[in-house]
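Everything on this sheet refers to the single structure shown next.
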Amino acid sequence: MPVYYSEETRLFEIRTDRTSYVFGVNGKGTVQHVYWGERVEAAECIDMLKGRSHSSFDADVDRETEEFGGWGGSHYAEPGLKVEFGDGVRDLKLDYEGYEIAGENELTVKLADRHYAFRVDMHYKVYPEHDIIERYVRVRNDEALPVRIEQAMAAVWSVQGLPDYRMTHVSGRWAGEYQLRRTVLSEGKKVIESRRGFTGPHANPWFAIDDGKSGETHGRVWFGALGWSGNWKIVAEKSTFGHLRIVGGINDFDGAFALAPGASYTSPVFTGGFADGGFGAMSRQLHAYERAHVLPARQLRKVLYNSWEATEFDVQADEQIKLARRAAALGVERFVVDDGWFGARNNDRAGLGDWQVNPAKFPNGLQALIDEVKGLGMEFGLWVEPESVNPDSDLYRAHPEWIYRFPTREGTQLRNQHLLNLGLPEVKEFVLGFMTELLAKHDISFIKWDMNRTVTEPGSAPEGLPVWQKHVEHVYEIWAELRARFPHVEFETCAGGGARIDLGMLRFADQAWVSDNTDARDRLAIQEGFAYAYSPSVMMCWVTESPNGFNGRSLPLSYRFHSSMMGGLGIGANISKWSDAEMAEAREFVALYKEIRGTVQEGELYRLEPLGRSNLAAYQYVGKDGAESVAFVFLQSQHFGSAERRLRLQGLDAEATYAVSQDGGEAVVRHGATLMGAGFPLTLRGDYGSTLLRLTRL
Ligand code: DGJ
Numbered sequence: 001m002p003v004y005y006s007e008e009t010r011l012f013e014i015r016t017d018r019t020s021y022v023f024g025v026n027g028k029g030t031v032q033h034v035y036w037g038e039r040v041e042a043a044e045c046i047d048m049l050k051g052r053s054h055s056s057f058d059a060d061v062d063r064e065t066e067e068f069g070g071w072g073g074s075h076y077a078e079p080g081l082k083v084e085f086g087d088g089v090r091d092l093k094l095d096y097e098g099y100e101i102a103g104e105n106e107l108t109v110k111l112a113d114r115h116y117a118f119r120v121d122m123h124y125k126v127y128p129e130h131d132i133i134e135r136y137v138r139v140r141n142d143e144a145l146p147v148r149i150e151q152a153m154a155a156v157w158s159v160q161g162l163p164d165y166r167m168t169h170v171s172g173r174w175a176g177e178y179q180l181r182r183t184v185l186s187e188g189k190k191v192i193e194s195r196r197g198f199t200g201p202h203a204n205p206w207f208a209i210d211d212g213k214s215g216e217t218h219g220r221v222w223f224g225a226l227g228w229s230g231n232w233k234i235v236a237e238k239s240t241f242g243h244l245r246i247v248g249g250i251n252d253f254d255g256a257f258a259l260a261p262g263a264s265y266t267s268p269v270f271t272g273g274f275a276d277g278g279f280g281a282m283s284r285q286l287h288a289y290e291r292a293h294v295l296p297a298r299q300l301r302k303v304l305y306n307s308w309e310a311t312e313f314d315v316q317a318d319e320q321i322k323l324a325r326r327a328a329a330l331g332v333e334r335f336v337v338d339d340g341w342f343g344a345r346n347n348d349r350a351g352l353g354d355w356q357v358n359p360a361k362f363p364n365g366l367q368a369l370i371d372e373v374k375g376l377g378m379e380f381g382l383w384v385e386p387e388s389v390n391p392d393s394d395l396y397r398a399h400p401e402w403i404y405r406f407p408t409r410e411g412t413q414l415r416n417q418h419l420l421n422l423g424l425p426e427v428k429e430f431v432l433g434f435m436t437e438l439l440a441k442h443d444i445s446f447i448k449w450d451m452n453r454t455v456t457e458p459g460s461a462p463e464g465l466p467v468w469q470k471h472v473e474h475v476y477e478i479w480a481e482l483r484a485r486f487p488h489v490e491f492e493t494c495a496g497g498g499a500r501i502d503l504g505m506l507r508f509a510d511q512a513w514v515s516d517n518t519d520a521r522d523r524l525a526i527q528e529g530f531a532y533a534y535s536p537s538v539m540m541c542w543v544t545e546s547p548n549g550f551n552g553r554s555l556p557l558s559y560r561f562h563s564s565m566m567g568g569l570g571i572g573a574n575i576s577k578w579s580d581a582e583m584a585e586a587r588e589f590v591a592l593y594k595e596i597r598g599t600v601q602e603g604e605l606y607r608l609e610p611l612g613r614s615n616l617a618a619y620q621y622v623g624k625d626g627a628e629s630v631a632f633v634f635l636q637s638q639h640f641g642s643a644e645r646r647l648r649l650q651g652l653d654a655e656a657t658y659a660v661s662q663d664g665g666e667a668v669v670r671h672g673a674t675l676m677g678a679g680f681p682l683t684l685r686g687d688y689g690s691t692l693l694r695l696t697r698l
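Written as structure tokens, this is what we have:
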């Protein structure tokens, strides 16, 4: 049993395979965090469950360690909850009321206000084998008057007793998502957030905390990821008493709402965990948890071709058929037509919202292309952007009232488009309706769902939750409904690249488009940052042109393939123009990828040489049962002649022997111990060299 409560000590302990998470009811009747880290004897931590006072200015220092904590009394830290009762009282006093244990691994701790019929249930779900806990709260108003909820977070995580707290997170922008950042926290708050209506490319709701000394393979790391795809906020607050509180949930900014009498509100899930093997162990724990408990995917990612970079909006059935034939010759399994197939969508200024197949582009209808693609042995996939509308569209002309806008303002156009107010039931019905028709009418196996702008002038939702929340909930509901209606269809989350990827969206998405930047060198950084938190099994990467449009950088085809083979492989180049030699080389890489994709997508990731440490970057994947492993190595630039480079591998069985081959060359046999200790010599030279090692346990 991973969940324990002791009446004697009044301590709760959540035990995972390698960690203890301890909190308890203190003498004041409040629930106080006690300890989170390696396994301990919970009862022996009892001395940490106590009130602490410093002076009249810090009368209740222990409130900094409250397990959730509402704003009220002398609570000055970032609150889990801030409310105003119907009578105008803005003070919350949450006392412990009891607990329930459901099944083996779910705990609910019940809190209630001292005076008002207002309850907060803190939920914990434990995943012992991953050392991970999911948390969320449910708030219920049983008062006769509505309660105004000003801030309702999902969970508060506490880390205590480190001399320094270093926070790792990602930052970015369009075409430069998931850039890793590290900062030592001083007293005060470090806030990462989105106020743009979706997860956003500027930050992502994931964090890691260490003492500043942990590395890839060693050290203690506390981490968390929030499952919410709208406005979110994670606040890491270091107090002057040395305590760190990480508060996360839906962003309270412009987010207040009234909780009606008898109504309840449930927060998103905030997942947290602890790893004792450095950042590498942290990522592997998160990936394994995601694969087992978050992602819906039922099969390995298919090799796809997407025609966006080849044709952009100039989608023509004939040209697409040519591309499809070339793609099939490469061994591609899924052919995807991107933006430009519908309405008057010849550029980004018109047509968005008119989801009828353009008859001039598809004189024989879309199904004719689909039949062709299927005849070539591939599945067919299609791009949509259902939440958006161009003003120059029949949809907008018929329903100008459906967009987000304030009555006295012109709505801002971004990429010449508005966003539909998905909070309106009729808009939700419209989206569900046209998507159902599209999928029922055509033999479509894959949908790439895009969203190419942020939310502005959000107007108001008809009732209940703020519009920011309604939008996200309706997106989730639509995806869930479409998945139920069309169980054979797979879905990709895309938002102008990787701006809507988080543990909320990943409950519905089979795969994710990580960035519009397809420069294979930039992609290493983007993919590395992404894979700190998210499983490479959903990370879609395309091989595109060289020189690449983003940076004008020229890269060998092998480098582009190696970079793209580290997640779900796609091809996005104009393959109609590829030479016979390029086609032949690409065909071999696709075949090779199919051999190793199980190891890549279901294996464990080791960042052997993260970017920036040397001019090598190297990533190893060890397959499920350890029998197979692959390592991708990239040399950024060659200088001063070459010293022999030896790559020290990880995650192998020291006693076992492995057949190791580099780029399909003759295999040599080495012990795991030698490969992890002395390393394997690489023949890697030149600027933008890359190589692939394959290991098979003998
Ligand atoms: C942004 C996406 O990220 C691209 O892959 C492509 O689908 C374009 N939108 C199409 O407008």
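So in the UniProt record's numbering, spot 544 of the sequence shown is number 544, and the numbers just go up one at a time.
C-beta: ideal position from N, C-alpha, C; glycine also.
| Based on the DSSP output, what are the partners of M167 in its beta bridges? | The partner list for M167 (beta bridge, DSSP) reads T183, I209.
| request: Tell me whether Y76 is buried or exposed, calling it buried when 16 or more other Cβ atoms sit within 10 Å of its Cβ. | output: So Y76 counts as exposed.
| How would you call S56, buried or exposed, if buried means at least 16 neighbouring beta carbons within 10 angstroms? | By the beta-carbon neighbour count (other beta carbons within 10 angstroms, threshold 16), S56 is exposed.
| query | When a residue counts only if its C-beta is closer than 6 angstroms to some heavy atom of the ligand DGJ, which residues count, in chain order? | reply | The filter returns W308, D338, D339, W383, D450, N452, C494, G496, G497, W513, D516, in chain order.
| By how many angstroms is the C-alpha of E319 removed from the C-alpha of M539? | A straight-line Cα-Cα distance of about 28 angstroms links M539 and E319.
| Looking only at its own chain, which residues have a Cβ that is under 6 angstroms from the Cβ of N204, when we skip the five neighbours before and after it? | So the list reads V170, once near-sequence residues are dropped.
| said: Runs of 3 residues minimum, wholly inside the region 107 to 148: which ones carry the beta strand (DSSP E) assignment? | reply: Entirely contained in the region 107 to 148, the beta strand (DSSP E) runs reaching 3 residues are, in chain order, 118 to 127, 132 to 141.
| said: Quick check: the region 229 to 243 against the region 93 to 113, are at least 3 beta-carbon pairs closer than 8 angstroms? | reply: Not touching, per the Cβ criterion.
| task | Output the distance between the C-alpha atoms of R345 and A656, rounded to the nearest integer angstrom. | result | The straight-line gap from Cα to Cα measures roughly 58 angstroms.
| task | Answer with buried or exposed for L635, where buried requires no fewer than 16 other C-beta atoms within 10 angstroms of its C-beta. | result | When all chains shown are included, L635 counts as buried.
| request: Have a look at the DSSP bridge pairing and note the partners of E84. | output: DSSP output for E84 lists R148 as bridge partner(s).
| task | Count the other C-beta atoms from every protein chain shown that fall within 10 angstroms of the C-beta of H562, then say buried if there are 16 or more, exposed otherwise. | result | H562 should be labelled buried.
| said: With a threshold of 9 angstroms between beta carbons, is V126 in contact with chain D? | reply: Looking for chain D here will not work: only one protein chain is present.
| request: Consult DSSP for C541 and reduce its assignment to one of helix, strand or coil. | output: Assigned with DSSP and collapsed to three states, C541 falls in strand.
| said: Just to confirm the assignment: which complete alpha helix (DSSP H) runs, minimum length 4, are found wholly within the region 380 to 415? | reply: As summarised for the region 380 to 415, the continuous alpha helix (DSSP H) elements at least 4 residues long and confined to that stretch are 394 to 398, given in chain order.
| From what residue to what residue does the beta strand (DSSP E) around H471 run? | Note, H471: premise wrong, no beta strand (DSSP E); alpha helix (DSSP H) at 467 to 485.
| said: Am I right that L81 and A152 are in contact with their C-beta atoms under 8 angstroms? What's the rounded C-beta distance? | reply: Here L81 really is in contact with A152; their C-beta atoms are around 6 angstroms apart, less than 8 angstroms.
| request: Would you give the residue range spanned by the alpha helix (DSSP H) that H562 belongs to? | output: Secondary structure note for H562: its alpha helix (DSSP H) is the uninterrupted segment 557 to 564.
| Nonlocal neighbours in the same chain, by C-beta distance under 6 angstroms from H218, ignoring five residues either side | Only G278 meet the Cβ criterion.
| request: Tell me whether the beta-carbon of I246 lies closer than 9 angstroms to the beta-carbon of V235. | output: Yes.
| task | Report all residues from its chain with a CB closer than 8 angstroms to the CB of N551; omit the five preceding and five following residues, and keep chain order. | result | Once the five neighbours on either side are set aside, the close Cβ partners of N551 are D519, R521, D522.
| request: Quick one: measure Cβ to Cβ for S546 and L555, integer angstroms, because I've assumed they're closer than 8 angstroms. | output: Indeed, because the Cβ distance is near 5 angstroms, the residues count as touching under 8 angstroms.
| field | Coarse secondary structure for A42, derived from DSSP in three states | value | Reduced to three states, the DSSP call for A42 is helix.
| said: Which residue marks the beginning of the alpha helix (DSSP H) containing T9, and which one marks its end? | reply: For T9, there is no enclosing alpha helix (DSSP H), as DSSP marks it with neither H nor E.
| task | Answer with buried or exposed for E78, where buried requires no fewer than 16 other C-beta atoms within 10 angstroms of its C-beta. | result | Buried, since its Cβ has 16 or more Cβ neighbours within 10 Å.
| message | Quick check: residue 702 and V315, are their CB atoms within less than 9 angstroms of each other? | response | With the chain running from 1 to 698 in the structure shown, residue 702 is simply not present.
| If we call anything under 9 angstroms between Cβ atoms a contact, is W228 one with A533? | Contact flag unset, no.
| request: Examine the Cβ distances between the region 450 to 460 and the region 412 to 422 and report whether three or more of them are shorter than 8 angstroms. | output: As far as the Cβ criterion goes, the region 450 to 460 touches the region 412 to 422, which means the pair count is three or higher.
| query | Helix, strand or coil: which one does DSSP assign to G161? | reply | In this structure, G161 counts as coil in the three-state DSSP scheme.
| request: Buried or exposed for L698, please, with buried defined as at least 16 other CB atoms from any protein chain shown within 10 angstroms of its CB. | output: The residue in question, L698, is exposed, as its Cβ has fewer than 16 Cβ neighbours within 10 Å.
| query | Where does residue 701 fall in DSSP's three states? | reply | No statement about residue 701 is possible, as the shown extent of the chain runs from 1 to 698 and does not include it.
| request: Using beta-carbon positions only, say whether G37 and R220 come within less than 9 angstroms of one another. | output: The answer is yes: Cβ separation under 9 angstroms.
| request: With a 10 Å radius around its C-beta and 16 neighbouring C-beta atoms as the bar for buried, classify N364 as buried or exposed. | output: Label assigned to N364: exposed.
| task | Please state whether DSSP places L369 in a helix, a strand or coil. | result | The answer is helix: DSSP assigns L369 an H, G or I state.
| Rounded separation between S558 and Y688 - CA only | Cα-Cα distance, rounded: 10 angstroms.
| query | Are I132 and Q285 close, meaning C-beta to C-beta below 9 angstroms? | reply | Taking 9 angstroms as the Cβ cut-off, I132 and Q285 qualify as a contacting pair.
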